[in-house]
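Protein chains in written order, with UniProt numbering: chain A, 1 to 349; chain V, 1 to 349. Each residue gets a CB set at the ideal place from its N, CA and C atoms; glycine is no exception. Encoded as structure tokens, the structure appears first; notes follow it.
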């Protein structure tokens with residue numbers, strides 16, 4: 001039985017959910033997936049850090065209170081974060097990177113990824129920053145050291161859109177994609193269809209935990225823009241940076257706009273899309289679009305996300321599912337590890 | 001560069017489209033997928049057969065007229081089918097099986113699959129019969145001889161639902177699925193929403209080539225039942241035969257039923273589904289169901305197919321796309337070959 005030693009960077013909802021899954025499912029995974037996971041280190045800006053090369057108790061970790069310096073209360077724990085030490089000295093085979101997204105330079109997450117990959121430690125991440133801004137160099141680095149860099153959770157949480165396009169649509173010739181890639185803004189638009197205006201819909205989303213105190217990144221399309229960059233670079237051979245993607249959010253959509261759309265049996269959706277043009281260049285944008293009722297994305301309501309890939313051979317393929325959620329995103333990390341496990345068996349590395 | 005020698009059984013729309021793709025795309029595939037395909041034999045009940053171990057001209061094959069015994073007009077061709085000879089003596093590495101579906105015993109397709117697998121020749125098929133009725137024994141046979149048995153095209157043509165569930169949802173714990181798995185019946189139901197009654201909607205589907213002269217298998221749910229058997233056995237650990245699946249079609253749905261549903265913002269859909277029950281047993285059925293507007297399957301119109309997998313960890317994941325079509329189904333065969341290619345690299349076999 002293969003056992004991977006894993007270090008967790010960031011211990012908010014996602015890696016905490018992963019720890020809980022490890023506590024609950026390791027035995028099942030041994031049988032079903034062919035491996036188990038052993039947590040050997042955790043570092044979190046707020047909770048502190050902890051290392052044990054012989055393995056930490058996943059259940060105990062998952063139950064640590066969300067109070068400042070809480071890791072101090074565990075044996076071998078400290079109130080101080082120690083990302084570098086956890087990456088370099090915990091003997092991990094894998095690093096699960098789930099710190100906050102910095103949309104400007106991807107730091108410090110990108111540096112964490114580099115430290116791990118340089119040592120030949122594979123990285124799985126749910127963090128859009130390193131992927132949107134530095135995927136190419138991180139993938140090259142991984143290749144050089146025999147490590148793997150996987151990032152299914154950077155788009156649509158655990159809903160397997162990246163691997164679907166990469167592996168299952170190989171040969172279908174993807175020419176274009178368009179998606180509802182942000183749950184908050186889609187929830188706001190769905191709420192406005194019940195008669196709320198934009199401000200009230202945002203307030204409702206905040207109340208229900210779908211929107212942050214500052215909802216700008218979600219409703220102005222900045223979050224979607226990073227995802228468009230990730231997908232366009234990965235599947236259309238683009239080399240986009242966020243500033244290459246025109247970006248308009250939903251804050252100008254009025255209750256009247258929504259009512260009018262409903263009357264004409266159409267729906268406003270915040271769409272992130274990219275397309276390969278005849279001359280080989282890529283056109284990419286984020287903008288509110290009025291979708292006719294029979295568009296595969298028109299029926300996607302609430303916090304659900306969805307994406308349609310257009311292909312030459314197979315026509316359009318649409319996938320919808322969770323776009324966020326702690327366990328849903330932790331599953332993305334698990335699915336990345338499943339993928340690495342398969343590749344390791346394959347190459348014997 | 002890996003070159004696979006492939007034999008085609010059945011040369012209706014699907015394998016003819018595959019031949020056309022080989023003619024058009026081989027060069028691209030060498031670069032993109034890491035292999036090329038060389039057709040070494042074809043057998044068809046109506047057109048006859050042809051073998052050339054050094055490779056047949058794919059473009060010429062794709063252009064053969066659809067007249068009885070047409071292969072006779074090609075060098076080395078014959079007006080007689082010769083399935084066994086093509087399987088056993090064409091030196092093929094792969095057999096693409098796309099003959100007609102026999103829902104009672106899966107023959108003669110199952111025997112064709114056996115002949116190939118016994119010789120260690122991998123089989124890719126779009127044929128529901130052998131998969132629904134004999135998947136377990138064919139998979140065991142393949143394992144014993146080091147061959148592969150792949151059947152993505154048996155459900156939803158090239159839309160990659162089988163591999164999505166098998167590979168990308170590994171670890172997500174699928175508990176249930178429900179799908180719109182037959183394009184003809186869904187087209188009929190969609191047409192009835194424009195005011196046609198059942199008989200007129202069927203006639204329209206026949207006119208447009210969506211329904212066969214005898215539409216029974218499609219509108220009475222028999223086609224969906226085979227697909228439910230395939231999916232339940234593959235993903236829920238069931239051991240179902242078609243008679244285990246209760247089956248009711250759409251022929252009793254009236255124009256009034258449809259109008260009433262529309263009034264209450266719901267839609268009738270022919271749903272194939274299966275569910276793992278608390279006691280571990282499997283409940284599976286095919287029946288018309290009234291879906292509320294916000295069901296992920298409610299918006300799936302016309303000949304499009306879709307399936308929702310319910311999972312413990314990730315919630316529901318829905319995929320929609322082509323459910324039929326020559327090139328769409330030929331892509332399923334290609335995607336099976338991509339998968340086999342990856343496994344061959346992995347095991348070195």
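Residue range of the unbroken alpha helix (DSSP H) whose run includes residue 130 (chain V) = As a working mapping, residue 130 (chain V) is identified with position 130 in the second chain. Unbroken alpha helix (DSSP H) run through residue 130 (chain V): 128 to 145.
Residue-chain proximity (residue 115 (chain A), chain V), Cβ-Cβ < 8 Å = Taking the first chain and counting its residues from 1, the one referred to as residue 115 (chain A) is at position 115. By this cut-off, residue 115 (chain A) is not an interface position.
Could you please give me the residues that DSSP links to residue 150 (chain A) through a beta bridge?
-> Here residue 150 (chain A) corresponds to residue number 150 of the first chain, with the count starting at 1. Residue 150 (chain A) is bridged to A:124.
Measure the alpha-carbon distance for residue 74 (chain V) versus residue 110 (chain V) and round it to whole angstroms.
-> The residue you call residue 74 (chain V) lines up with position 74 of the second chain. The residue you call residue 110 (chain V) lines up with position 110 of the second chain. Rounded to whole angstroms, residue 74 (chain V) to residue 110 (chain V) spans 28 Å at the Cα level.
Could you work out which residues of chain A lie near residue 29 (chain V), taking near to mean beta carbons separated by less than 8 Å?
-> On the second chain, residue 29 (chain V) is found 29 positions in, with the first residue counted as 1. Within chain A, the residues near residue 29 (chain V) are 171.
Starting from the beta carbon of residue 4 (chain V), find every residue of chain A whose beta carbon is closer than 9 Å, and list them in chain order.
-> Position 4 of the second chain, counting from 1, holds the residue named residue 4 (chain V). What residue 4 (chain V) touches in chain A: nothing, since even the nearest Cβ is about 14 Å away.
Proximity to residue 133 (chain A) [Cα-Cα], best of A:120, A:46 and A:113 = Stepping through the first chain from its first residue, residue 133 (chain A) is reached at position 133. Residue 133 (chain A) has its Cα closest to that of A:113, out of A:120, A:46 and A:113.
Check whether the Cβ atoms of residue 219 (chain A) and residue 245 (chain A) sit closer than 8 Å, and answer yes or no.
-> Here residue 219 (chain A) refers to the residue found at position 219 when the first chain is read from its first residue. Here residue 245 (chain A) refers to the residue found at position 245 when the first chain is read from its first residue. Against a cut-off of 8 Å, the Cβ pair of residue 245 (chain A) and residue 219 (chain A) comes out as no contact.
Straight-line CA distance for residue 207 (chain V) to residue 237 (chain A)?
-> Residue 207 (chain V) sits at position 207 when you count from the first residue of the second chain. Residue 237 (chain A) sits at position 237 when you count from the first residue of the first chain. Rounded to the nearest angstrom, the gap between the Cα atoms of residue 207 (chain V) and residue 237 (chain A) is 41 Å.
From residue 296 (chain V) to residue 28 (chain V), what does the alpha carbon distance come to, in whole angstroms?
-> If you number the second chain from 1, residue 296 (chain V) lands on position 296. If you number the second chain from 1, residue 28 (chain V) lands on position 28. Cα to Cα, residue 296 (chain V) sits roughly 36 Å from residue 28 (chain V).
Contained alpha helix (DSSP H) runs [length at least 4] in the segment 52 to 92 of chain V, N- to C-terminal order | 58 to 62 and 83 to 89
Got a sec? Which residues, its chain only, sit under 7 Å from residue 339 (chain V) by beta carbon, not counting five neighbours each side?
-> Residue numbering aside, residue 339 (chain V) sits at position 339 when the second chain is read from its first letter. Only 150 and 163 meet the Cβ criterion.
Candidates V:250, V:137 and V:127: closest to residue 385 (chain V) by CA position | Only positions 1 to 349 of chain V appear in this structure, which leaves residue 385 (chain V) out of reach.
Look at the alpha carbon of residue 66 (chain V) and the alpha carbon of residue 47 (chain V), and state the distance between them as a whole number of angstroms.
-> Translated into positions along the second chain, residue 66 (chain V) becomes position 66. Translated into positions along the second chain, residue 47 (chain V) becomes position 47. Approximately 7 Å, taken between the alpha carbons.
Cα-Cα separation between residue 286 (chain V) and residue 273 (chain V), rounded to whole angstroms | For this step, residue 286 (chain V) is matched to residue 286 along the second chain. For this step, residue 273 (chain V) is matched to residue 273 along the second chain. Distance between the alpha carbons of residue 286 (chain V) and residue 273 (chain V): 6 Å.
Unbroken alpha helix (DSSP H) run spanning residue 24 (chain A), endpoints | Residue mapping note: residue 24 (chain A) aligns to position 24 of the first chain, counting from 1. Unbroken alpha helix (DSSP H) run through residue 24 (chain A): 13 to 32.
In chain A, which residues lie with their C-beta within 7 Å of the C-beta of residue 320 (chain V)?
-> Counting from one through the second chain, the residue named residue 320 (chain V) turns up at place 320. Simply 296 and 318.
Delimiting residues of the beta strand (DSSP E) encompassing residue 263 (chain A) | On the first chain, position 263 is the one that residue 263 (chain A) refers to. No beta strand (DSSP E) contains residue 263 (chain A), which is instead part of the alpha helix (DSSP H) from 255 to 263.
First and last residue of the alpha helix (DSSP H) that includes residue 183 (chain A)?
-> Locating residue 183 (chain A) in the first chain gives position 183, where the first residue counts as 1. From DSSP, the alpha helix (DSSP H) with residue 183 (chain A) extends over 183 to 192.
Out of V:293, V:161, V:194 and V:157, which has the shortest C-alpha to C-alpha gap to residue 183 (chain V)?
-> Within the second chain, residue 183 (chain V) is the residue found at index 183, counting from 1. Among V:293, V:161, V:194 and V:157, the Cα nearest to that of residue 183 (chain V) is on V:157.
Cross-strand partners of residue 176 (chain V) (DSSP beta bridge) | To locate residue 176 (chain V), count along the second chain from 1; it is residue 176. Partner(s): V:275 and V:310.
Kindly indicate if chain V contains any beta-carbon less than 8 Å away from that of residue 150 (chain A).
-> Mapped onto the first chain, residue 150 (chain A) falls at position 150. By this cut-off, residue 150 (chain A) is not an interface position.
Which whole-angstrom value describes the C-beta separation of residue 277 (chain V) and residue 283 (chain V), a residue pair presumed to lie in contact below a C-beta threshold of 8 Å?
-> For the purposes of this step, residue 277 (chain V) is identified with residue 277 of the second chain, where counting begins at 1. For the purposes of this step, residue 283 (chain V) is identified with residue 283 of the second chain, where counting begins at 1. Contact flag correct, Cβ pair sits at about 6 Å.
Which one or two residues does DSSP pair with residue 305 (chain A) in a beta bridge?
-> Mapped onto the first chain, residue 305 (chain A) falls at position 305. Note: residue 305 (chain A) sits in a beta bridge opposite A:321.
Assigned exposure category for residue 64 (chain A) - 16 Cβ within 10 Å defines buried = Numbered from its first residue, the first chain carries residue 64 (chain A) at position 64. Here residue 64 (chain A) is buried: its Cβ has 16 or more other Cβ atoms, across all protein chains shown, within 10 Å.
For a contact meaning CB atoms closer than 8 Å, what does residue 33 (chain A) contact in chain V?
-> Position 33 of the first chain holds residue 33 (chain A). Neighbours of residue 33 (chain A) in chain V, taken as residues whose beta carbon is under 8 Å from its own, are 170 and 171 in chain order.
In chain A, which residues lie less than 7 Å from residue 327 (chain V) when you measure between Cβ atoms?
-> The residue labelled residue 327 (chain V) in the question sits at position 327 within the second chain. When 7 Å is used as the limit between beta carbons, residue 327 (chain V) is near these residues of chain A: 313, in chain order.
The segment 132 to 165 of chain A: which residues have C-beta closer than 7 Å to a C-beta of chain V, in chain order?
-> 158, 159, 160, 163 and 164
How big is the Cα-Cα spacing for residue 90 (chain A) and residue 116 (chain A)?
-> On the first chain, residue 90 (chain A) is found 90 positions in, with the first residue counted as 1. On the first chain, residue 116 (chain A) is found 116 positions in, with the first residue counted as 1. For residue 90 (chain A) and residue 116 (chain A), the distance between alpha carbons rounds to 11 Å.
Can you find a C-beta in chain V that's less than 8 Å from the C-beta of residue 61 (chain A)?
-> Within the first chain, residue 61 (chain A) is the residue found at index 61, counting from 1. No, residue 61 (chain A) does not count as interfacial toward chain V.
Alpha-carbon spacing of residue 234 (chain V) relative to residue 71 (chain A), whole angstroms | In the second chain, residue 234 (chain V) corresponds to position 234, counting from 1. In the first chain, residue 71 (chain A) corresponds to position 71, counting from 1. When rounded, the distance between both Cα atoms is 43 Å.
Tell me, to the nearest whole angstrom, how far the beta carbon of residue 330 (chain V) is from that of residue 14 (chain V); I am working on the premise that it is less than 8 Å.
-> Taking the first residue of the second chain as 1, we reach residue 330 (chain V) at position 330. Taking the first residue of the second chain as 1, we reach residue 14 (chain V) at position 14. Their Cβ separation, rounded to whole angstroms, is 5 Å, which keeps residue 330 (chain V) and residue 14 (chain V) in contact under 8 Å.
Short CB-CB distance (under 8 Å) between residue 334 (chain V) and chain A = In the second chain, counting from the first residue as 1, residue 334 (chain V) sits at position 334. Taking 8 Å as the CB threshold, residue 334 (chain V) lines the interface with chain A.
Straight-line gap, residue 303 (chain A) to residue 201 (chain A) (C-alpha atoms, nearest Å) | Taking the first chain and counting its residues from 1, one reaches residue 303 (chain A) at position 303. Taking the first chain and counting its residues from 1, one reaches residue 201 (chain A) at position 201. The straight-line gap from Cα to Cα measures roughly 13 Å.
DSSP bridge partner residues for residue 168 (chain V) (one or two, in chain order) = In the second chain, counting from the first residue as 1, residue 168 (chain V) sits at position 168. For residue 168 (chain V), which the question treats as bridged, DSSP gives no partner whatsoever.
Residues bridged to residue 247 (chain V) (per DSSP) | Within the second chain, numbered from 1, the residue matching residue 247 (chain V) stands at position 247. According to DSSP, which records beta bridges pairwise, residue 247 (chain V) is partnered with V:286.
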